[in-house]
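Here my numbering runs 24 ahead of the position in the sequence shown, where the first position is 1.
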Amino acid sequence: MVNPVTAMKVLNERKKFMKKHPDFFDYFVGVFGSGVEEGTEIELSIQRPGEEKTSSKIRVADSDLKIFEGLKELIN
């Protein structure tokens with residue numbers, strides 16, 4: 025169960041993030057807002073200052089779909 029106070033804090037930070045990074049947020053909503061299907065491949069790359077880029081990739085399984093539905097609700 026999500027702590028309601030934590031959820032409110034995250035939603036407030038979401039608004040700030042949207043204003044600061046509108047292109048990224050629009051991309052995120054465009055990709056995930058319409059839902060994610062089983063078999064979708066997702067790759068995430070991160071490059072911290074002074075470090076090599078690292079990445080990880082998943083192929084969405086049927087058992088993963090509930091978490092993506094939750095994310096969809098959070099971003100919309």
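Every residue gets a Cβ at the ideal spot worked out from N, C-alpha and C, and that includes glycine.
Here the structure is a predicted model, which means the values were calculated and not measured.
Check                                                                          : Outcome
Collapsed DSSP secondary structure at Glu-93 in the structure displayed        : helix
Inter-residue spacing [alpha-carbon to alpha-carbon] between Glu-97 and Glu-37 : 16 Å
Paired residues, beta bridge with Glu-65 - DSSP                                : Arg-83
Strand pairing of Thr-78, partner residues [DSSP]                              : Ile-70
Simplified DSSP state of Gly-57, which is helix, strand or coil                : coil
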